[in-house]
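Undergrad: Could you have a look at this structure, given as structure tokens, before my questions?
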């Protein structure tokens, strides 16, 4: 039995009267690539928000490797090894790409080093390696706000990876990325995740990506998990096809 | 940073009072203001404008006066202790203030500084009220000096501190903590998601900036020989803001260059007009509207306004 | 004990009225323009200086003292007409769409400028003329002698609150303002002349500030430094009530007025610090004021 990294139980949360999570429970197992699909506006991002402490559930709990993280702040949860990539890339937009990476790496190392500069040879190398992984090596000296949307997305993901997390949560990693680059990105990403034995949960709209890379799929609808299982199985489910069709 | 240029500048400053003795006082004051403005500039990196920073400047100067009155007579001890006091005051005030940003941060700093001013001005029995307190000439490493000799020592001491402390601050700004400071302004949320405690980053910056303002205040107290409540008045904070904004993009040297420029301008202006605040205010507006180089980051950001 | 309750309450109300006048302009301008005018206090003190000068002139020429009351109103209108559109068009308008830091720096620069302008025009003396106030006499309320002027102040404050409410809810201008406050870009795109609204709103804010200063002249006069003191007081009140909330400012004024008078009665040394202590306590519990809110960043 694979070890459970994240365990959510009976989560309830609503916004302005709409139930974004209606008694949701799920387990994420070590080494899994779990995809979450569902119609737009069904609250998939809320699931990520609940797991990273951005939103507190009205009731229910979230445990990370046995530890209750339901009421922790995003900062505390990040320190515990959960990294997040965002739907709208959250970057330090006036900094160069490589500076963004180095700050993320320094955050992981611990910031309390006022006597050593941010930019060290070791850190620069590590940053370059990560940028290479996502295909941004050529852009490393560009100011991140000048990058095209897809590249900013990639940088956002790279920053999350810089934290060397146990669990990485990706909010639509391929949206904004051109179809040509989509599969190379996912290949590289998945390779890196596997190599570093990271677990991933990703919200996704592209069904091809889900079919190819996810080993488990959760179908989210109206705050509940409508279906769950291996992509091959889930994509044959009538209810899923009905509710999710037209989304990809 | 062009090292040769910096060395040349420092040497020029060191030599200047030999050529023109009246410059020594102005330059000492300029260096002191430079420290304080550097403090404001550090916070400016995080997008936080302290329009009340003179309170730490004054607190330290009063600290020197009180310690001297209590019998401590050593220059180094007086400076060290009063800077420490300013830093401590910064920690206390900062603990509350770093929860806030932009408008609230600025106004709360102003409000607290007005309270400091009111205390200094009104507690006549303790602080001498509007007459202020004397700052006697201390002994330097055990040697008792005449006043002119002390003023020389003060100048060269300040110059040395400018270099040493300046290097230290440069190091700080170059470190991960310093970069995180700028990042607070750009994307605070992301910092939190990187596991970085933003409040701690800001509090450290606030304490450092208060200590720097304190260093400036102590030096000024010694240079003038007196400390008065006006040291804490909001218009004094205004000058620090102007220097910080002027020197903005220049980092550490920028603050001192800006202070020097302003102090020389002040010396010139005072002979012609009384309206120094008007000049400072107008200069501030002009710099922001027409010289955005120091503020490019601030200007480029769209207002994060509630819709 | 009951001897002090009534005067305490009445004094608090009068104090609250003046404090309200100091703060309402600031919070109104923030509400419509989204700009915190750091120079707000200066406009209050300029209003006070103009009013004091005119009142002293009236008294020295032995004209009818009732003219002083007209003078107060006139001062406010004068200051608003002179400074409102000018400041809005040249400085404030430039800050729209820019970061709050820019806003703060520009209005702070203005604060510095106006401080010296005031000093150059009016000098460094304090001015005080309470003859018109004494003219109104006193009343006996609950066994305590009470200045009728204080009652006038309370009445005027209430008038302003009602007036603003009527303006916002029942006039066309009010509807335009509400639209601009709710969604500036949307308002522009449906053809509302936002520039005109901004000039009007800002000038109204200046008017209220100057009026506050003018009204206060009769009770406490004007001295250099009034601008800065008023600025932080106005901010403290606006912050307690929630920036941009007019009704919040009214309630905050009551709180601060009460706390201040309480201090004057029992711990006079702390009377200047009392408003800030109140602000500190409120902000510790509700960081953005009683009725304020902050928009959370959407990710």
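Chains as they are written, first to last, in my numbering: chain A, -14 to 233; chain B, 763 to 1069; chain C, 384 to 682. Beta carbons: idealized from backbone N, C-alpha and C, even for Gly. Since the structure is predicted, the reported quantities are computational estimates derived from the model, not experimental observations.
(1) Could you check whether residue 409(C) and residue 416(C) sit closer than 9 Å to each other, using their CB atoms as the reference points?
(2) Looking at chain B, is there any beta carbon in it that lies within less than 9 Å of the beta carbon of residue 603(C)?
(3) Using DSSP bridges, identify the partner residues of residue 52(A).
(4) I need the DSSP call for residue 362(C), collapsed to helix, strand or coil.
(5) Which of the three DSSP states is assigned to residue 14(A) in this structure?
(6) Using a beta-carbon distance below 9 Å, is residue 960(B) in contact with chain A?
(7) Under 7 Å, CB to CB, which of the residues in the stretch 97 to 126 of chain A have a partner in chain B?
(8) Out of 986(B), 1051(B), 815(B) and 968(B), which has the shortest C-alpha to C-alpha gap to residue 934(B)?
(9) Can you tell which of 219(A), 220(A), 134(A) and 32(A) has the C-alpha that lies nearest to the C-alpha of residue -1(A)?
(10) Does residue 1043(B) come within less than 9 Å of chain C when only Cβ atoms are used?
(11) Name the chain B residues whose beta carbon is nearer than 8 Å to that of residue 650(C)?
(12) Could you name the residues of chain A that residue 954(B) contacts, counting a contact when the two beta carbons are closer than 8 Å?
(13) To which residues does DSSP link residue 895(B) through a beta bridge?
(14) Tell me whether residue 529(C) sits in a helix, a strand or coil according to DSSP, three-state version.
(15) For the stretch 938 to 950 of chain B, which residues have a beta carbon sitting closer than 8 Å to at least one beta carbon of chain A?
(16) Taking only beta carbons into account, state which residues of the stretch 68 to 80 of chain A come closer than 8 Å to chain B, listed in chain order.
(17) Rounded to whole angstroms, what's the CA-CA distance from residue 391(C) to residue 641(C)? Just pull it up for me.
(18) Looking at C-beta atoms only, is the number of pairs between the stretch 845 to 860 of chain B and the stretch 951 to 971 of chain B that lie closer than 8 Å three or more?
(19) Curious, which full-length beta strand (DSSP E) runs of at least 3 residues does the stretch 462 to 533 of chain C contain?
(20) Rounded to a whole number of angstroms, what is the C-alpha to C-alpha distance between residue 157(A) and residue 1050(B)?
(21) Could you work out which residues of chain B lie near residue 654(C), taking near to mean beta carbons separated by less than 8 Å?
(22) Give the residues of chain C in contact with residue 781(B), contact being defined as C-beta atoms less than 9 Å apart.
(23) Within 10 angstroms of the Cβ of residue -13(A), are there 16 or more other Cβ atoms? Answer buried if so, exposed if not.
(24) State the start and end residues of the unbroken beta strand (DSSP E) segment that holds residue 29(A).
(25) So which residues on chain B does residue 615(C) lean against when the C-beta distance must stay under 8 Å?
(26) Against residue 1051(B), what residues of chain C qualify as contacts under a CB-to-CB distance less than 8 Å, listed in chain order?
(27) Using beta carbons (cut-off 9 Å, strictly below), is residue 963(B) in contact with chain A?
(28) How big is the Cα-Cα spacing for residue 136(A) and residue 162(A)?
(29) Any idea what DSSP makes of residue 682(C), helix, strand or coil?
(30) Using the three-state DSSP reduction, which class does residue 444(C) fall into: helix, strand or coil?
(31) Using a Cβ-Cβ cut-off of 7 Å (strictly less than) and excluding sequence neighbours within five positions of residue 587(C), which residues of its own chain qualify?
(32) 9 Å is my cut-off, CB to CB: does residue 237(A) come that close to chain B?
(33) Have a look at 861(B), 948(B) and 977(B) and flag the residue whose alpha-carbon is nearest the alpha-carbon of residue 816(B).
(34) Name the two residues that bound the continuous alpha helix (DSSP H) containing residue 93(A).
(35) Below 8 Å, how does it come out for the stretch 478 to 495 of chain C and the stretch 456 to 466 of chain C: are there three or more Cβ pairs, yes or no?
(36) Please list, in chain order, the chain C residues whose beta carbon lies closer than 7 Å to that of residue 1000(B).
TA: Judging by the given coordinates:
(1) Residue 409(C) is positioned such that its CB atom lies no closer than 9 Å to that of residue 416(C).
(2) no
(3) 49(A)
(4) For chain C, the structure presents residues 384 to 682; residue 362(C) sits outside this window and is missing.
(5) strand
(6) yes
(7) 98, 99, 100, 101, 102 and 103
(8) 968(B)
(9) 32(A)
(10) Yes, its Cβ sits closer than 9 Å to a Cβ of chain C.
(11) Correct list: empty, because the minimum Cβ distance to chain B is about 14 Å.
(12) 58, 59, 60 and 63
(13) Beta-bridge pairing by DSSP links residue 895(B) to 989(B).
(14) strand
(15) 938, 939, 940, 941, 942, 944, 945, 948 and 949
(16) 68, 69, 75, 76, 77, 78, 79 and 80
(17) Taking the Cα positions, residue 391(C) is about 8 Å away from residue 641(C).
(18) yes
(19) Taking only runs of at least 3 residues, the beta strand (DSSP E) segments lying wholly in the stretch 462 to 533 of chain C are 521 to 524 and 527 to 530.
(20) 40 Å
(21) Near residue 654(C) there are no residues of chain B at all, since even the closest Cβ is about 11 Å away, more than 8 Å.
(22) Within chain C, no residue comes near residue 781(B); the closest Cβ sits about 34 Å away, beyond 9 Å.
(23) exposed
(24) Here residue 29(A) belongs to no beta strand (DSSP E); instead the alpha helix (DSSP H) covers 29 to 37.
(25) 869, 872, 873 and 876
(26) 477 and 489
(27) yes
(28) 7 Å
(29) Any answer about residue 682(C) is weak, because its pLDDT of 48 lies below 50 and its placement is not dependable; what the coordinates show is given next. Coil, per DSSP.
(30) In the structure shown, residue 444(C) falls within a coil segment according to DSSP collapsed to helix, strand and coil.
(31) 411
(32) The first residue shown for chain A is -14 and the last is 233, placing residue 237(A) beyond what the model contains.
(33) 977(B)
(34) Unbroken alpha helix (DSSP H) run through residue 93(A): 82 to 94.
(35) no
(36) 491 and 495
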